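From first to last, the protein sequence lines stand for chains A and B.
With this note's numbering applied, the first sequence corresponds to residues 1 to 474, in that order.
With this note's numbering applied, the second sequence corresponds to residues 475 to 948, in that order.
In what follows, a single structure is set out as structure tokens and then discussed.
There are 2 protein chains.
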Amino acid sequence: MSKTERWGVYEVALEGPRDGNPFLDVEVTADFSYKHRSVTVDGFYDGDGVYRLRFSPDTVGEWSYVTNSNVPELDGKRGTFACVQPHDGNHGPVNVAKQYHFAYADGTPYWQMGTTCYAWNHQGDDLEEQTLQTLAKAPFNKMRMCVFPKSYDYNRNEPEHYPFEGSLEHGFDFTRPNPVSFRHLEQRVQDLQKLGIQADLILFHSYDRWGFADMGEEADDRYLKYVVARLAAFSNIWWSFANEYDLMENKTMQDWDRFFKIVQENDPYQRLRSIHNCRGFYDHGKPWVTHCSIQRPNLDQVAEWRKTYGKPVVVDECCYEGNIDHGWGNITAQEMSHRFWEGTIHGGYVGHGETYCHPEDTLWWSKGGVLHGESPERIAFLVKIMEEGPHGLDHFKLNWDAPCLGQHGEYYLLYFGIKQPAFKKLALPEDGEFTVEIIDTWNMTITKLDGEYSGEIRVDLPAKQYIAVRIRRV
Amino acid sequence: MSKTERWGVYEVALEGPRDGNPFLDVEVTADFSYKHRSVTVDGFYDGDGVYRLRFSPDTVGEWSYVTNSNVPELDGKRGTFACVQPHDGNHGPVNVAKQYHFAYADGTPYWQMGTTCYAWNHQGDDLEEQTLQTLAKAPFNKMRMCVFPKSYDYNRNEPEHYPFEGSLEHGFDFTRPNPVSFRHLEQRVQDLQKLGIQADLILFHSYDRWGFADMGEEADDRYLKYVVARLAAFSNIWWSFANEYDLMENKTMQDWDRFFKIVQENDPYQRLRSIHNCRGFYDHGKPWVTHCSIQRPNLDQVAEWRKTYGKPVVVDECCYEGNIDHGWGNITAQEMSHRFWEGTIHGGYVGHGETYCHPEDTLWWSKGGVLHGESPERIAFLVKIMEEGPHGLDHFKLNWDAPCLGQHGEYYLLYFGIKQPAFKKLALPEDGEFTVEIIDTWNMTITKLDGEYSGEIRVDLPAKQYIAVRIRRV
Numbered sequence: 001m002s003k004t005e006r007w008g009v010y011e012v013a014l015e016g017p018r019d020g021n022p023f024l025d026v027e028v029t030a031d032f033s034y035k036h037r038s039v040t041v042d043g044f045y046d047g048d049g050v051y052r053l054r055f056s057p058d059t060v061g062e063w064s065y066v067t068n069s070n071v072p073e074l075d076g077k078r079g080t081f082a083c084v085q086p087h088d089g090n091h092g093p094v095n096v097a098k099q100y101h102f103a104y105a106d107g108t109p110y111w112q113m114g115t116t117c118y119a120w121n122h123q124g125d126d127l128e129e130q131t132l133q134t135l136a137k138a139p140f141n142k143m144r145m146c147v148f149p150k151s152y153d154y155n156r157n158e159p160e161h162y163p164f165e166g167s168l169e170h171g172f173d174f175t176r177p178n179p180v181s182f183r184h185l186e187q188r189v190q191d192l193q194k195l196g197i198q199a200d201l202i203l204f205h206s207y208d209r210w211g212f213a214d215m216g217e218e219a220d221d222r223y224l225k226y227v228v229a230r231l232a233a234f235s236n237i238w239w240s241f242a243n244e245y246d247l248m249e250n251k252t253m254q255d256w257d258r259f260f261k262i263v264q265e266n267d268p269y270q271r272l273r274s275i276h277n278c279r280g281f282y283d284h285g286k287p288w289v290t291h292c293s294i295q296r297p298n299l300d301q302v303a304e305w306r307k308t309y310g311k312p313v314v315v316d317e318c319c320y321e322g323n324i325d326h327g328w329g330n331i332t333a334q335e336m337s338h339r340f341w342e343g344t345i346h347g348g349y350v351g352h353g354e355t356y357c358h359p360e361d362t363l364w365w366s367k368g369g370v371l372h373g374e375s376p377e378r379i380a381f382l383v384k385i386m387e388e389g390p391h392g393l394d395h396f397k398l399n400w401d402a403p404c405l406g407q408h409g410e411y412y413l414l415y416f417g418i419k420q421p422a423f424k425k426l427a428l429p430e431d432g433e434f435t436v437e438i439i440d441t442w443n444m445t446i447t448k449l450d451g452e453y454s455g456e457i458r459v460d461l462p463a464k465q466y467i468a469v470r471i472r473r474v
Numbered sequence: 475m476s477k478t479e480r481w482g483v484y485e486v487a488l489e490g491p492r493d494g495n496p497f498l499d500v501e502v503t504a505d506f507s508y509k510h511r512s513v514t515v516d517g518f519y520d521g522d523g524v525y526r527l528r529f530s531p532d533t534v535g536e537w538s539y540v541t542n543s544n545v546p547e548l549d550g551k552r553g554t555f556a557c558v559q560p561h562d563g564n565h566g567p568v569n570v571a572k573q574y575h576f577a578y579a580d581g582t583p584y585w586q587m588g589t590t591c592y593a594w595n596h597q598g599d600d601l602e603e604q605t606l607q608t609l610a611k612a613p614f615n616k617m618r619m620c621v622f623p624k625s626y627d628y629n630r631n632e633p634e635h636y637p638f639e640g641s642l643e644h645g646f647d648f649t650r651p652n653p654v655s656f657r658h659l660e661q662r663v664q665d666l667q668k669l670g671i672q673a674d675l676i677l678f679h680s681y682d683r684w685g686f687a688d689m690g691e692e693a694d695d696r697y698l699k700y701v702v703a704r705l706a707a708f709s710n711i712w713w714s715f716a717n718e719y720d721l722m723e724n725k726t727m728q729d730w731d732r733f734f735k736i737v738q739e740n741d742p743y744q745r746l747r748s749i750h751n752c753r754g755f756y757d758h759g760k761p762w763v764t765h766c767s768i769q770r771p772n773l774d775q776v777a778e779w780r781k782t783y784g785k786p787v788v789v790d791e792c793c794y795e796g797n798i799d800h801g802w803g804n805i806t807a808q809e810m811s812h813r814f815w816e817g818t819i820h821g822g823y824v825g826h827g828e829t830y831c832h833p834e835d836t837l838w839w840s841k842g843g844v845l846h847g848e849s850p851e852r853i854a855f856l857v858k859i860m861e862e863g864p865h866g867l868d869h870f871k872l873n874w875d876a877p878c879l880g881q882h883g884e885y886y887l888l889y890f891g892i893k894q895p896a897f898k899k900l901a902l903p904e905d906g907e908f909t910v911e912i913i914d915t916w917n918m919t920i921t922k923l924d925g926e927y928s929g930e931i932r933v934d935l936p937a938k939q940y941i942a943v944r945i946r947r948v
């Protein structure tokens, strides 16, 4: 019996009709069963007469399946496979945990430290391989990336593959997805998975010269179902319904609501779902939104957004480290590192991106390649600190100007940001003893103060910017 | 005939009763007349049987006066004096000009660059003289200072004089102002005037251990009339009704409205009137408010506040350069300089303050003394640049991320703040030629680009923070 590890992908490939338009004409699903439980998944046409059904089992044991189709040759096919223990390092998909946080399916905390290379998967193998090599050494565990190619400043090259049959010159047939393009996308999603990186897949965006931003309702909905049928089984998939949804002039709020519902109805695994804004937010309180995906530079608002929406807050875009002309793409490494700390201390998660001018316009934010900035090292330092602390921390204030991420009585991580206090008075619990460490978040040093502390204390600080204090119960 | 210069102070001193309580019992006013125009001013009791009437003439020529009183010996006194041309450098009082700006009475633009030493006038002559020496070399042309002494962190010393008769131990008699204290205050106001510095006199504040923050309506109102009678004639007086009005728990919005009206009714010169907040703003749209006095760190909002209130916006408190523990008192010199530029470019005015830890707690912000910071030099550089440009500039944007203070077609001052663009594309008018200068606001350099420019241009920039660009029609 064939074996697939827990949270891996079991795939059934079947030969079927090639005539007509198989994308429109043929329906095929499969019921995957473990004991009395059954999960229905949609199949998809992969070109060349091949139909595939993908399933990601979440339970170890023997699974069986049977197909259903409006085409006899795809109907009633049966099989079994064994779902076995995952290999070390496969923690399963990421889900919301402790209301404002994330964890892998096996309970391991997931500290979201994302980056953005919108169109890295449309750059050809040389650059894409280089991007993967860079990611292997970088601290990021999430990548924001687009299904569709992107047309925007610094980013005008034609993609290697188009998501639909056709050409820029003669137009595209939105009834015929291009399997080559999607196989390539899946390869890149799996490449990320091997590196432990979540793929926050952006389903729509407005930076378009091919027509993919304006395909019409019917094609939009069919496209979503096709993407879900192909990709939902990969456990590192997150669905991002749009980048800057509010810049897509021809889509209404009703469209976005419908898109969420379509994916919610068709995704057997309920992968994470979000939508990213330019100006006004989509209402992240709607029940189908799993977490906030926000573009804003003011990370001190994260605590407010947590309260408003009652969900994890991911500020996927807080400007990019770089020096291009656009105001969203020219903050310093210090400022980027600061915004990660600011967002974290307010109880949220932050996303990175990089936009340094480059002679060939190879900017990380759009194309990937190599990183030139100084913030990733600091973000790695932050990850390390977060991993050393408890999971599911709350944001509160130790006093009015000491924002803190912590667990009352146990753990306090304070961050003073662009301020440069020479000292701070803090009130720790009277019971028990605490260690106090001064963290220079820019220079990445941790200095432990001698002794142990409790009650009212005065902590001398280096009177410079970007200083944090970590206080832990002994 | 005695002479007083235009916008100077002509004073009439009269002997009168000492018995009873002259502050309550005696009323004296004078009508000062020039041709058919008459201006009534209130006199005040200055102790030791002396009553004074102060008048600041705004018109050159011969003035006469006659007194009116409920006491015969102060009634019907007459005199004349000549109002002569002011000496060089006396531009008269500051008023609102061009809706969002300020100018002296003689039309000279006034670029508000204020500082704050709340209680410098309560520190004794040695420190006060040192403060004046510091101010003589500093760029500031406005001082925020309190009539009452202040009781707050770093600021617990008893004042030299109390504003009312009495003592901390036995309480104060709010019906008996202390002339010694007020004479001292007037001396300091005049010392500032000699240095060309406006005195933004804070009439109430909550940092109090003597009872001056909670004297009751009757005493509050009488106090205001006394202050106006004594001080309104000094042409560098601005009335600031409170520092952090909203922290004064025992005063209502009706109290503040009444205070404004009392001063408006009693001040013959209609000196500038404002009120400063901690959290929520007083409604600066009310007709008796001449300009907004704001505490906020986010200077990019200045353009919004201009629109909301239609008046000059002065951000009197945007945090202080320093390193004390309080979050409002530990920004870097870079950040302070940046906030001045940010507020200026958005069409407003900003205030300075300094709070570096000091072995004797002599912090500029409360006590004066000497300046330790690095922002004043940058503020002086900004003043120089503003003085070189036209008066009455507007805030607009040359594109979405190029905030600009300018005059369409003539003058553009852009500032990129904490961003570090390597270049910027700008659209100048097609007609005429413009010079382009790159200003490093922190290093205080101005680099003029070769040649002259018009239409669409690309300006290469140093890809660092705190850069401005000045574009002027040739």
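Note that beta-carbon positions come from the ideal geometry of N, C-alpha and C, so glycine has one too.
Since the structure is predicted, the reported quantities are computational estimates derived from the model, not experimental observations.
Looking at the C-beta of K898 of chain B, does it have a partner C-beta in chain A at a distance below 8 Å? For the purposes of this step, residue 898 of chain B is taken as residue 424 along the second sequence, with counting starting at 1. Output row for K898 of chain B: interface = yes.
Give a yes or no on whether the minimum CB-CB distance between D914 of chain B and chain A is below 8 Å. By 1-based counting over the second sequence, the position of residue 914 of chain B is 440. Closer than 8 Å: no.
Inspect the CB distances between the segment 408-428 of chain A and the segment 452-469 of chain A and report whether three or more fall short of 8 Å. A contact exists between the segment 408-428 of chain A and the segment 452-469 of chain A.
If you draw a straight line from the alpha carbon of E317 of chain A to that of E304 of chain A, how long is it in whole angstroms? Along the first sequence, read from residue 1 onward, the residue named residue 317 of chain A stands at position 317. Along the first sequence, read from residue 1 onward, the residue named residue 304 of chain A stands at position 304. Taking the straight line joining both Cα atoms gives about 17 Å.
The segment 108-115 of chain A contacting the segment 56-65 of chain A, beta-carbon criterion three pairs below 8 Å: Counting Cβ pairs under 8 Å, fewer than three are found: no touch.
Quick check: is the beta carbon of T435 of chain A nearer than 8 Å to any beta carbon in chain B? In the first sequence, counting from the first residue as 1, residue 435 of chain A sits at position 435. False, the Cβ-Cβ gap to chain B never drops below 8 Å.
Going by CA-CA distance only, name the one from B:P651, B:L669, B:S512 that's closest to Y952 of chain B. In this structure chain B extends from 475 to 948, so residue 952 of chain B is not present and cannot be described.
Just curious, the beta strand (DSSP E) that N95 of chain A is in, first and last residue? Position 95 of the first sequence holds residue 95 of chain A. Following the DSSP letters along the chain, one finds N95 of chain A inside the beta strand (DSSP E) bounded by residues 94-97.
DSSP state of W713 of chain B mapped onto helix, strand, coil: Along the second sequence, read from residue 1 onward, the residue named residue 713 of chain B stands at position 239. W713 of chain B falls in the strand class under three-state DSSP.
Of all the options A:V315, A:A13, A:R78, A:S337, which has the alpha carbon lying nearest to the alpha carbon of E321 of chain A? Against the first sequence, residue 321 of chain A aligns to sequence position 321. Per the Cα distances, A:S337.
At least 3 beta-carbon pairs within less than 8 Å: the segment 50-63 of chain A vs the segment 82-89 of chain A: Look at the beta carbons and you see the segment 50-63 of chain A touching the segment 82-89 of chain A: at least three pairs across the two are nearer than 8 Å.
Cα-Cα separation between E489 of chain B and G517 of chain B, rounded to whole angstroms: Here residue 489 of chain B refers to the residue found at position 15 when the second sequence is read from its first residue. Here residue 517 of chain B refers to the residue found at position 43 when the second sequence is read from its first residue. If I take the Cα positions, the gap works out to 12 Å.
Closest Cα partner of E634 of chain B within the set B:E692, B:Y628, B:H644, B:F622: Locating residue 634 of chain B in the second sequence gives position 160, counting from the first residue. Of B:E692, B:Y628, B:H644, B:F622, the smallest CA-CA separation from E634 of chain B is found for B:F622.
Own chain residues within Cβ distance below 8 Å of W684 of chain B, not counting five before or after: Reading the second sequence from its first residue, position 210 is the one you call residue 684 of chain B. Around W684 of chain B, the same chain offers F622, P623, S625, Y636, L642, F646 as residues with beta carbons nearer than 8 Å, after the five sequence neighbours per side are excluded.
When DSSP labels each residue in this structure, what does D493 of chain B get in the three-state scheme? Taking the first residue of the second sequence as 1, we reach residue 493 of chain B at position 19. D493 of chain B falls in the coil class under three-state DSSP.
How long is the line joining the alpha carbons of Y51 of chain A and N157 of chain A, rounded to whole angstroms? Mapped onto the first sequence, residue 51 of chain A falls at position 51. Mapped onto the first sequence, residue 157 of chain A falls at position 157. Per the coordinates, the alpha-carbon of Y51 of chain A lies some 32 Å from the alpha-carbon of N157 of chain A.
Rank A:H205, A:K98, A:R78 by C-alpha distance to the C-alpha of H391 of chain A and give the top, closest one. In the first sequence, counting from the first residue as 1, residue 391 of chain A sits at position 391. Cα-wise, what sits closest to H391 of chain A is A:K98.
Considering only their Cβ atoms, is the gap separating I913 of chain B from V948 of chain B smaller than 8 Å? Translated into positions along the second sequence, residue 948 of chain B becomes position 474. Translated into positions along the second sequence, residue 913 of chain B becomes position 439. Taking 8 Å as the Cβ cut-off, V948 of chain B and I913 of chain B do not qualify as a contacting pair.
H561 of chain B vs A579 of chain B beta-carbon contact at 8 Å: In the second sequence, the residue the question calls residue 561 of chain B occupies position 87. In the second sequence, the residue the question calls residue 579 of chain B occupies position 105. No, these two residues do not count as a Cβ contact at 8 Å.
If you pair each beta-carbon of the segment 836-844 of chain B with each one of the segment 875-882 of chain B, do three or more pairs fall below 8 Å? Between the segment 836-844 of chain B and the segment 875-882 of chain B, the count of Cβ pairs shorter than 8 Å is below three; the stretches do not touch.
Should A937 of chain B be flagged as near chain A, meaning a C-beta pair shorter than 8 Å? Locating residue 937 of chain B in the second sequence gives position 463, counting from the first residue. Yes, A937 of chain B lies at the interface with chain A (some Cβ there is under 8 Å from its Cβ).
Three-state secondary structure (DSSP) at R54 of chain A? The residue you call residue 54 of chain A lines up with position 54 of the first sequence. R54 of chain A: strand per DSSP, three-state reduction.
So with CB distances below 7 Å, who are the chain A contacts of E809 of chain B? Position 335 of the second sequence holds residue 809 of chain B. The contact set of E809 of chain B on chain A, defined by CB atoms closer than 7 Å, consists of I418 in chain order.
Compute the beta-carbon to beta-carbon distance between Y466 of chain A and Q334 of chain A, rounded to the nearest angstrom, for a pair I have assumed lies under 8 Å. Here the question's residue 466 of chain A lines up with position 466 in the first sequence. Here the question's residue 334 of chain A lines up with position 334 in the first sequence. Between Y466 of chain A and Q334 of chain A a beta carbon distance of about 7 Å is seen, short of the 8 Å cut, so the two are scored as contacting.
Going along chain B, which residues have a C-beta under 7 Å from N485 of chain A? Limits of chain A in this structure are 1 at one end and 474 at the other, which puts residue 485 of chain A out of reach.
Have a look at A:D58, A:G47, A:Y45, A:D46 and flag the residue whose alpha-carbon is nearest the alpha-carbon of Y34 of chain A. Numbered from 1 along the first sequence, position 34 holds the residue referred to as residue 34 of chain A. Ranking the options by Cα distance to Y34 of chain A, first place goes to A:D58.
For K735 of chain B, three-class secondary structure by DSSP: Counted from its first residue, the second sequence places residue 735 of chain B at position 261. It is helical.
Okay, do the segment 701-714 of chain B and the segment 748-762 of chain B touch, 3+ Cβ pairs below 8 Å being the bar? Yes, they touch.
Please report the distance separating the alpha-carbon of M918 of chain B from that of L382 of chain A. For the purposes of this step, residue 918 of chain B is taken as the residue at position 444 of the second sequence. For the purposes of this step, residue 382 of chain A is taken as the residue at position 382 of the first sequence. L382 of chain A has its alpha-carbon roughly 35 Å from the corresponding atom of M918 of chain B.
Contact check, V788 of chain B vs I768 of chain B, beta carbons under 8 Å: Within the second sequence, the letter at position 314 stands for residue 788 of chain B. Within the second sequence, the letter at position 294 stands for residue 768 of chain B. Taking 8 Å as the Cβ cut-off, V788 of chain B and I768 of chain B qualify as a contacting pair.
Entirely within the segment 855-920 of chain B and at least 3 residues each: give me those beta strand (DSSP E) ranges in chain order. Those beta strand (DSSP E) runs which fall completely within the segment 855-920 of chain B and span 3+ residues are 868-871, 877-881, 885-889, 897-901, 908-914.
Does DSSP put H658 of chain B in a helix, a strand or coil? Numbered from its first residue, the second sequence carries residue 658 of chain B at position 184. In the structure shown, H658 of chain B adopts helical secondary structure according to DSSP, grouped into three states.
Within 8 Å (strictly less), CB to CB, does H326 of chain A reach chain B? Taking the first residue of the first sequence as 1, we reach residue 326 of chain A at position 326. Chain B, which has a Cβ nearer than 8 Å to the Cβ of H326 of chain A, makes this yes.
Along chain A, which residues have their Cβ under 7 Å away from the Cβ of N804 of chain B? Within the second sequence, numbered from 1, the residue matching residue 804 of chain B stands at position 330. Here the neighbours are K419, Q420, P421.
Between C878 of chain B and chain A, is there a C-beta pair that is closer than 8 Å? Here residue 878 of chain B is taken as the residue at index 404 of the second sequence, counted from 1. Under the 8 Å criterion on CB atoms, C878 of chain B is classed as non-interfacial with respect to chain A.
Beta strand (DSSP E) runs wholly inside the segment 97-169 of chain A, at least 3 long, in chain order: Those beta strand (DSSP E) runs which fall completely within the segment 97-169 of chain A and span 3+ residues are 101-104, 113-116, 142-146, 164-167.
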